[in-house]
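For what it's worth, the numbering used here labels the leading residue of the sequence shown as -7, then goes sequentially.
These notes are about the structure you will find just below.
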Amino acid sequence: MIGISKLYCSTVEPSDALRYSRNSNKLPSHLLQFSKDKKPVVVWNMTQRCNLKCVHCYARSENIAYDNELSYDQSIKMIDNLAEFGVPVLLFSGGEPLIHPQLVEYAKYAIEKGMRAVISTNGTLITREKAENLKQIGLSYVGISLDGLENTHDKFRGFKGSFQKALKGIKNCQKAGIKVGLRFTINKKNISDIPGIFDLLEHMNIPRACFYHLVYSGRGSEIAKQDLTHDETRKILDFIIKRTKDLHDRNKPKEILTVDNHADGPYLYLKMLKKNPKRAKEILELLKMNEGNNSGRGIGCISWDGEVYPDQFWRDKSLGNIKNKKFSEIWNNSSNDFLMKLKNKKNYVKGRCASCKWLDICGGNFRARAESIAGDPWDSDPACFLTDNEIKKDL
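Take a look at the structure:
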């Protein structure tokens, strides 16, 4: 996760993170990516069921009943253990989490146990009453997926009218006083809608947007050819930076982030180096604190059936199951060779990644994407768009 607005618009300084000793349980949410202890943010895919059928869904969700979800007692015990382990954020996802009848109860319990609770949703089921309920329990944030403007979004989501329902969900969150933001997965079919998404942010006074690079997982693996070329990625990143800076300069700042391609960090640094070497040095320091991709270290995933994964996209790499062992024990299991390698990826990555000057900053980028294309989790990430000259180590 690369904070474009934080880094490029100088809204965060290295001293901001150092002030909290980079402790994940002390850092405000907007600085959590700079934590030193890397206590994992946990994504809980609490249900596989979804009322939509998105073409890029990593969970391959459909609107059917699944019978393998965690029981109430198992869920409560899991939340207890996550809190004891020091997990700073529990992200409720799916499928569609608002389908789950205990969502509000579980989120409330997680908050009472000291964690921040956030929700990732398609937004179509957020009624005014539901938004008020979520506000009352102290929910920190709701991220609503919009993968384009109306026609594009409805095609991606598989249902006509899903765009307007998502907008209604956003408005209901705003009326209830809940911080709400957008989640947008970039691909060839929707890059032309990104200018309109920035217009929407401004028009609807939405404070935050995360632009996700495509990960070839679940149904997303079936549309890998719709991912951007390296040149297209650079151009759209330039545009995102430009619009973010424009909003900042007009005193209408938004928190803009890019997600799931940590080559964005060095690219932004090199761009700033040409304009403002002093700020570029500060950006580099913040990127070093960020440490790049944190699958299996700073982020983890618990599936609807209790399986634990390094992240929400890597669903063929189970580390264990919370029905049999606590999450904390699974996460700290030093006998799990694959998990230990993920916590020290730079010793195992191959190809361009192994010789890249930005390895400590990028963290080897997205291993699930490398495995999807090359069949080897330690091969180079095919979505890295940095040139050979840009990654060449200094002599």
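For glycine and all other residues, C-beta sits at the position ideal for the given N, C-alpha and C.
As the structure is a computational prediction, the values presented were derived from the model and not from experiment.
Opposing strand residues paired with residue i [DSSP bridges]
{"i": "residue 92", "result": "Answer by DSSP bridge pairing: none, since residue 92 is not bridged."}
{"i": "residue 203", "result": "176 and 250"}
{"i": "residue 109", "result": "82"}
{"i": "residue 313", "result": "299"}
{"i": "residue -5", "result": "249"}
{"i": "residue 287", "result": "291"}
Element boundaries [beta strand (DSSP E), containing residue i]
{"i": "residue 291", "result": "291 to 294"}
{"i": "residue 299", "result": "299 to 301"}
{"i": "residue 133", "result": "133 to 137"}
Whether residue i touches residue j by CB criterion (8 angstroms)
{"i": "residue 43", "j": "residue 88", "result": "yes"}
{"i": "residue 201", "j": "residue 183", "result": "no"}
{"i": "residue 272", "j": "residue 281", "result": "no"}
{"i": "residue 115", "j": "residue 136", "result": "yes"}
{"i": "residue 252", "j": "residue 229", "result": "no"}
{"i": "residue 0", "j": "residue 198", "result": "no"}
{"i": "residue 300", "j": "residue 292", "result": "yes"}
{"i": "residue 185", "j": "residue 236", "result": "no"}
{"i": "residue 162", "j": "residue 107", "result": "no"}
{"i": "residue 138", "j": "residue 174", "result": "yes"}
{"i": "residue -3", "j": "residue 247", "result": "yes"}
{"i": "residue 353", "j": "residue 284", "result": "yes"}
{"i": "residue 103", "j": "residue 134", "result": "no"}
{"i": "residue 306", "j": "residue 37", "result": "no"}
{"i": "residue 30", "j": "residue 286", "result": "yes"}
{"i": "residue 250", "j": "residue -6", "result": "yes"}
{"i": "residue 193", "j": "residue 4", "result": "no"}
{"i": "residue 275", "j": "residue 261", "result": "yes"}
{"i": "residue 51", "j": "residue 210", "result": "yes"}
{"i": "residue 360", "j": "residue 371", "result": "no"}
{"i": "residue 328", "j": "residue 311", "result": "yes"}
{"i": "residue 349", "j": "residue 383", "result": "yes"}
{"i": "residue 92", "j": "residue 39", "result": "yes"}
{"i": "residue 56", "j": "residue 101", "result": "no"}
{"i": "residue 127", "j": "residue 168", "result": "yes"}
{"i": "residue 48", "j": "residue 153", "result": "no"}
Cα-Cα separation between residue i and residue j, rounded to whole angstroms
{"i": "residue 53", "j": "residue 84", "result": "15 angstroms"}
{"i": "residue 46", "j": "residue 117", "result": "16 angstroms"}
{"i": "residue 90", "j": "residue 123", "result": "11 angstroms"}
{"i": "residue 180", "j": "residue 218", "result": "5 angstroms"}
{"i": "residue 132", "j": "residue 109", "result": "6 angstroms"}
{"i": "residue 34", "j": "residue 80", "result": "8 angstroms"}
{"i": "residue 62", "j": "residue 86", "result": "13 angstroms"}
{"i": "residue 304", "j": "residue 288", "result": "10 angstroms"}
{"i": "residue 342", "j": "residue 99", "result": "40 angstroms"}
{"i": "residue 60", "j": "residue 368", "result": "30 angstroms"}
{"i": "residue 65", "j": "residue 316", "result": "13 angstroms"}
{"i": "residue 337", "j": "residue 119", "result": "43 angstroms"}
{"i": "residue 240", "j": "residue 231", "result": "14 angstroms"}
{"i": "residue 332", "j": "residue 157", "result": "43 angstroms"}
{"i": "residue 379", "j": "residue 351", "result": "14 angstroms"}
{"i": "residue 165", "j": "residue 113", "result": "12 angstroms"}
{"i": "residue 325", "j": "residue 191", "result": "47 angstroms"}
{"i": "residue 385", "j": "residue 267", "result": "22 angstroms"}
{"i": "residue 146", "j": "residue 224", "result": "24 angstroms"}
{"i": "residue 345", "j": "residue 94", "result": "43 angstroms"}
{"i": "residue 335", "j": "residue 381", "result": "28 angstroms"}
{"i": "residue 160", "j": "residue 347", "result": "48 angstroms"}
{"i": "residue 294", "j": "residue 357", "result": "21 angstroms"}
{"i": "residue 187", "j": "residue 245", "result": "16 angstroms"}
Boundaries (first-last residue) of the alpha helix (DSSP H) holding residue i
{"i": "residue 125", "result": "120 to 128"}
{"i": "residue 2", "result": "Segment: none, residue 2 is in no alpha helix (DSSP H) and carries neither H nor E."}
{"i": "residue 261", "result": "256 to 267"}
{"i": "residue 37", "result": "Note, residue 37: premise wrong, no alpha helix (DSSP H); beta strand (DSSP E) at 33 to 37."}
{"i": "residue 351", "result": "351 to 354"}
{"i": "residue 57", "result": "Where residue 57 is concerned, there is no enclosing alpha helix (DSSP H), given that its DSSP letter is neither H nor E."}
{"i": "residue 222", "result": "222 to 241"}
{"i": "residue 196", "result": "Element bounds for residue 196: n/a, residue is neither H nor E."}
{"i": "residue 335", "result": "Where residue 335 is concerned, there is no enclosing alpha helix (DSSP H), given that its DSSP letter is neither H nor E."}
{"i": "residue 160", "result": "154 to 168"}
{"i": "residue 144", "result": "142 to 149"}
{"i": "residue 389", "result": "Nothing can be reported for residue 389: it is not among the residues displayed for the chain, which extend from -7 to 387."}
{"i": "residue 68", "result": "64 to 77"}
{"i": "residue 322", "result": "319 to 323"}
{"i": "residue 359", "result": "359 to 366"}
{"i": "residue 344", "result": "343 to 346"}
Proximity test, Cβ basis, 8 angstroms: residue i and chain B
{"i": "residue 130", "result": "The structure shown contains no chain B, having only a single protein chain."}
> Within the chosen definition, does the stretch 310 to 327 reach the stretch 67 to 75 through at least 3 CB pairs nearer than 8 angstroms?
Replying inline: Between the stretch 310 to 327 and the stretch 67 to 75, the count of C-beta pairs closer than 8 angstroms reaches three or more; the two stretches touch.
> Should the stretch 202 to 210 be called in touch with the stretch 356 to 375, which here means at least 3 C-beta pairs below 8 angstroms?
Replying inline: Yes, since at least three Cβ pairs between the stretch 202 to 210 and the stretch 356 to 375 fall closer than 8 angstroms, the two stretches touch.
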